[in-house]
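>
Protein chains in written order, with this note's numbering: chain A, 882 to 1364; chain B, -10 to 439.
(1) According to DSSP, is residue 882 of chain A helix, strand or coil?
(2) Throw me the rounded Cβ distance for the residue 311 of chain B and residue 279 of chain B pair, which I believe falls under 8 Å.
(3) Using CA coordinates, which residue listed in B:18, B:77, B:131 is at the minimum distance from residue 178 of chain B?
(4) Sorted by chain position, which residues of the same chain lie with C-beta nearer than 7 Å to residue 1208 of chain A's C-beta, five sequence neighbours on each side aside?
(5) Using a Cβ-Cβ distance under 8 Å, would residue 981 of chain A count as near chain B?
(6) Hey, is residue 1176 of chain A's beta-carbon within less than 8 Å of any beta-carbon in chain B?
(7) Quick one: does residue 24 of chain B have its CB under 8 Å from some CB of chain A?
(8) Please say whether residue 65 of chain B and residue 40 of chain B have beta carbons closer to each other than 8 Å?
(9) Excluding the five sequence neighbours on either side, which residues of its own chain have a C-beta within less than 6 Å of the C-beta of residue 428 of chain B, listed in chain order?
(10) Rounded to the nearest angstrom, what separates residue 349 of chain B and residue 133 of chain B at their Cα positions?
(11) Alpha carbon to alpha carbon, what distance is there between residue 1117 of chain A and residue 1349 of chain A?
(12) Along the region 242 to 254 of chain B, what residues have a CB closer than 8 Å to any CB found in chain A?
(13) If distances are taken between C-alpha atoms only, which option among A:929, A:1016, A:936, A:1227 comes closest to residue 969 of chain A?
(14) Check each candidate in B:334, B:266, B:300, B:202 and name the one with the smallest Cα separation from residue 313 of chain B.
(15) Look up residue 141 of chain B in the DSSP assignment and say whether it is helix, strand or coil.
(16) Give the straight-line distance between the Cα atoms of residue 4 of chain B and residue 1031 of chain A, rounded to the nearest whole angstrom.
(17) Answer yes or no: do residue 62 of chain B and residue 22 of chain B have a C-beta to C-beta separation smaller than 8 Å?
(18) Please go through the same chain and pick out, in chain order, the residues whose beta-carbon is closer than 7 Å to the beta-carbon of residue 882 of chain A, but skip the five residues on each side of it.
(19) Using a Cβ-Cβ distance cut-off of 8 Å, determine whether residue 2 of chain B contacts chain A.
(20) From this set, B:249, B:372, B:264, B:207, which residue's C-alpha is nearest residue 998 of chain A's C-alpha?
(21) What does the alpha-carbon distance come out to for the pair residue 1078 of chain A and residue 1095 of chain A?
(22) Is residue 331 of chain B close to chain E, meaning its C-beta is less than 8 Å from at least one C-beta of that chain?
(23) With DSSP as the reference, identify every bridge partner of residue 951 of chain A, one or two as the case may be.
(24) Does the beta carbon of residue 1011 of chain A sit closer than 8 Å to a beta carbon anywhere in chain B?
(25) Cα separation between residue 376 of chain B and residue 1282 of chain A?
(26) Could you tell me which residues DSSP pairs with residue 985 of chain A in its beta bridges?
(27) Can you find a CB in chain A that lies within less than 8 Å of the CB of residue 277 of chain B?
(28) Rounded to whole angstroms, how far is the Cβ of residue 899 of chain A from the Cβ of residue 1024 of chain A, which I believe are closer than 8 Å?
(29) Give a yes or no on whether 8 Å exceeds the smallest Cβ distance from residue 1016 of chain A to chain B.
(30) If contacts are defined as beta-carbon pairs under 8 Å, then residue 72 of chain B and residue 161 of chain B qualify, I think. What distance do you get, rounded to the angstrom?
(31) Taking 8 Å as the CB-CB limit, is residue 1321 of chain A close to chain B?
(32) Please classify residue 420 of chain B as buried or exposed, where buried requires at least 16 neighbouring CB atoms within 10 angstroms.
(33) Exposed or buried, residue 136 of chain B, counting other C-beta atoms within 10 Å across all chains shown (16 or more means buried)?
(34) What does the Cβ neighbour count give for residue 355 of chain B, buried or exposed, with the cut at 16 atoms within 10 Å?
(35) Taking 8 Å as the CB-CB cut-off, is residue 185 of chain B touching chain A?
(36) Grab me the residues of residue 367 of chain B's own chain with a C-beta within less than 6 Å of its C-beta, minus the 5 sequence neighbours each way, in chain order.
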């Protein structure tokens, strides 16, 4: 093992000096305590929330099946609930979870909001952030790395040892690489145990069966965080190398940390939402209603669209009133109405999502200026706690809602008489066995492929930062001075 | 000498850059607040316009059946946005400021989420309270961490000590220069906010101002205390940044996670399920049972029977009513749970000035959870009022045309819950007195230690 010998020696020196500093040990312990707390709360929340959601999902299904013989349209209004399950990796990175609703009521004619987000019940403390392993890795470890690394070269410059090291034939490149490796080794002593703990959490979250998809997600997460933290190490050494004194290096690194993690994310998002205004809820639904009414108002007996539909039916069947139709006319009309309103809703919803996407583009592109945004977005996406996963849940639930409503309309068309039953007649109901015809709602999480496709920018940003650091090491190796 | 100290402070490049950065961030935050208020206004205007348009249209379509018309009509209610919420947006970007409810069962409508882009909420608002709570302390730290230590390190402290008649007073003046500069910036920002956001210079604003000033003073207290420990500049900086990190990032996140795990709200899910079941199962039950319970709730209608068979709107709305009645226990538990959360947050926040300041600013701006809970309460009263107005008309088969549908303006809820001066200011004052007093005693003992 002759390769990289000087680098390894330098790395060892970084390791030894760091451990001599008692403050470093205390800080490491402090991070350890935060990790323990993050693990406990992550696990407790996951278990509690998913337990609740499963219970209520079953309860809702039970309620649905337990309905007696009914008119199918009553059942379409009885509806069902979709409770959004928390993904296993939400224990690692809670991402947007707290700002996303958990409960969606699915009924005919109406696309409801996903309600009961943690944020809606929060006292305002939520805005300071949440403790999670991802927070430790994204925010606290880089700060610790900067704290360990700010003096790596600048102190040697101040004390004059830098000249001695360089005069002994060590090149700048060897020095930077060696110092970086030393820092990376220090980082790994915290990072590896944290990822091991995360792995245990992740395994417990899956009840024994680990899918290949989840393995890819976890592997990529570990890789991404390893890269991110290594970049922080190299960054710290480079800043230290270009700073005249250790104090200057410290101020610069802390300034960078503050800008990257606190100021820039808010600023870029503020810019995005300032430039692209999203409609208010009332205006959003108002426009949908306008469009639906333009197509036809199924509640209005004189509406041209539905009158034309009726006339064509009468012509085809050669009858003079809808009561003579061989199927239930109002079920037919409702199926048509549901189709129109669902199509229009989806179109408007896509437009709304496009606006949100435009609002988010600055913070997404910010990843090229700010590696913190790259890891934050990528980590959320891989953990399944990002907006794309939420939207996907919404779409599956909407599809389920549409199918449920149309199944009920179909049952009504087939099985309900056109004639209103009189007081002496059997009521217009169908057998309760049909409630089984509607399968239970089951959410299938997105595959990692489409998730990564949404994160192209974050991935490219990682590549960019990796190349930029290599370039800087090469360039600075040639231009740096010892004093 | 003090004049020189002022010159020395103002002329250093870092100070100017820092002040400029804070000024720019502050101005940006005011623009963010301005835009937030504009959007709130738009949302309210949208609601008004929609209600007017939709009531007219629906009344024309369903002109023969009041019960059916009321099935569709959504009565809007606005949670008044205080201009101060432009400074402290708080929970107002999560919770809708406009509620629209039909007179059907309320529990299924009351907690309807607003349309929002959660990325905005995740990354946080760049509002004034952020600039105050996160950024002001950083500048305070940057301006004060080396007040004595740097002079000691460069060897000038002995000269200062010899030349000054009262060294303690001199140190005090050094802090005062920085304090006045930052307070000046704070006041400029708030003074600009008054016309820009249309803030009324009332008691709430006074208290908002006082809280902001005390928060800045708190951080000066911290830095006086740290300076009094007489450590090296780098140690001071680390210590101060550690305190900042603890108070702004780590502790609040821990407390928040504690509150949400300690007080989960499964009642929310239970309420919706109970409400759905409570209403829908009445379709298959004997209607006299439903009506008996309805009359028990509203004895004033008990002499108005519904027909034994066939559809009746009073029966329909009685079924809806029972959906609410049967989920009342869960709904009350939900409310109690949220009040517990609010109370626990407040108690803990008293010991963490950053949290305390944020919660109090939200309170004053009417943008916290307390305001939301009061708005939800008012929504229930509003809904009840509408029910009681329309039930007799349904009973009497009042014609749709008898109602003036233009005469239902969007109502506004104004939160007038009092905010106590003592509760807002006392925790901060105690911290300031403790830290500054302790620091000052320390300093007076050690200031001549050269």
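Cβ coordinates follow ideal geometry from the N, Cα and C atoms, glycine included. From a predicted model like this one, the values you see are computed outputs, not experimental measurements.
Reading from the atomic positions:
(1) Low confidence applies to residue 882 of chain A: its pLDDT is 49, below 50, so where it sits in the model is not reliable, and the reading given next is rough at best. Coil at residue 882 of chain A, not helix or strand.
(2) 6 Å
(3) B:18
(4) The beta carbon of residue 1208 of chain A is closer than 7 Å to those of 1294, 1295 in its chain, skipping five residues each way along the sequence.
(5) yes
(6) no
(7) yes
(8) Contact: yes.
(9) 213, 214, 217
(10) 27 Å
(11) Those two C-alpha atoms are separated by around 14 Å.
(12) Result list: 242, 243, 244, 245, 246, 247, 248, 249, 250, 253, 254.
(13) A:929
(14) B:266
(15) helix
(16) 22 Å
(17) In this structure, residue 62 of chain B keeps its C-beta atom at 8 Å or more from the C-beta atom of residue 22 of chain B.
(18) At residue 882 of chain A, the pLDDT of 49 sits below 50, so the modelled position is not reliable; the number obtained from the coordinates is stated separately. Hits under 7 Å: none found.
(19) no
(20) B:249
(21) The alpha-carbon of residue 1078 of chain A is positioned some 16 Å away from that of residue 1095 of chain A.
(22) No chain E appears in this structure, whose protein chains are A and B.
(23) In DSSP, residue 951 of chain A forms a bridge with A:1311.
(24) yes
(25) 30 Å
(26) A:963
(27) no
(28) Incorrect: roughly 15 Å between the Cβ atoms, too far for contact.
(29) yes
(30) Contact flag wrong, Cβ pair sits at about 37 Å.
(31) no
(32) A buried status is given to residue 420 of chain B, since no fewer than 16 other beta-carbon atoms sit within 10 Å of its beta-carbon.
(33) buried
(34) By the neighbour-count rule (16 or more Cβ atoms within 10 Å), residue 355 of chain B is buried.
(35) False, the Cβ-Cβ gap to chain A never drops below 8 Å.
(36) 402
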